[in-house]
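Residue numbers (my numbering): 375 to 530.
Structure below.
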């Protein structure tokens, strides 16, 4: 991806990882379910779901889920990619917090929001560890989805 951010030192430090999860938990109160985007969104999303007593929904790369899915394509700096979710991943009008590691161009998060909406869910916010502000992904999401809160713990 764009300007890979190495988060492994933080993950290797239990106290630092716990601090990040505690900060993320402060933003989960409005959500009924946590969705995480493959791959590193799984790390934060599943841990956050467990720590806040919410269920977790994986948003996967295309072709990895065993049942009927909705899919959404999005652009990358080197082409297109696709993510998908089971068609019954969310209950109608269920409030969802989508979690990922990095907000760059906003393409992946925008596709994840689209998928959640296809399932009938209401995305209340997206939450990322790191936002690469100069790539203007926040603008893409806020222009397309003005009612969805965009939360980043670190802005670069």
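All C-beta atoms in this analysis are idealised placements derived from N, C-alpha and C, irrespective of residue type, glycine included.
Every value quoted in this text rests on a predicted model; they were computed, and no experiment measured them.
When the options are compared against residue i, the one with the closest alpha-carbon
| i | options | result |
| --- | --- | --- |
| residue 506 | 525, 494, 472, 488 | 525 |
| residue 379 | 476, 422, 403 | 476 |
| residue 423 | 453, 452, 406 | 406 |
| residue 530 | 395, 518, 504, 517 | 504 |
| residue 527 | 433, 389, 394 | 394 |
| residue 488 | 391, 389, 390, 459 | 459 |
| residue 426 | 391, 390, 396, 383 | 396 |
Whole-number beta carbon distance between residue j and residue i, since they are thought to touch under 8 angstroms
| i | j | result |
| --- | --- | --- |
| residue 482 | residue 457 | 7 angstroms |
| residue 464 | residue 502 | Not a contact, Cβ separation roughly 20 angstroms. |
| residue 494 | residue 466 | 4 angstroms |
| residue 478 | residue 509 | 5 angstroms |
| residue 411 | residue 461 | Their Cβ separation, rounded to whole angstroms, is 18 angstroms, which puts residue 411 and residue 461 out of contact at 8 angstroms. |
| residue 496 | residue 469 | 5 angstroms |
Contact with chain D by residue i, beta-carbon distance below 8 angstroms
| i | result |
| --- | --- |
| residue 517 | Looking at the structure shown, chain D is missing, and only one protein chain is on hand. |
Proximity of residue i and residue j at Cβ, strictly below 8 angstroms
| i | j | result |
| --- | --- | --- |
| residue 474 | residue 415 | yes |
| residue 325 | residue 439 | It is not possible to answer for residue 325, since the shown part of the chain is limited to 375 through 530. |
| residue 444 | residue 400 | no |
| residue 480 | residue 515 | yes |
| residue 428 | residue 402 | yes |
Start and end residues, beta strand (DSSP E) containing residue i
| i | result |
| --- | --- |
| residue 482 | Counting along the chain, residue 482 falls outside any beta strand (DSSP E), though it belongs to the alpha helix (DSSP H) covering 481 to 492. |
| residue 503 | 496 to 505 |
Residue range of the alpha helix (DSSP H) that includes residue i
| i | result |
| --- | --- |
| residue 524 | First-last for residue 524: 523 to 529, but that is the beta strand (DSSP E), not the alpha helix (DSSP H). |
| residue 513 | 511 to 518 |
| residue 386 | 382 to 386 |
Counting only runs of 3+ residues fully inside the stretch 393 to 472, write out the beta strand (DSSP E) ranges in chain order.
407 to 411, 429 to 435, 443 to 450, 453 to 460
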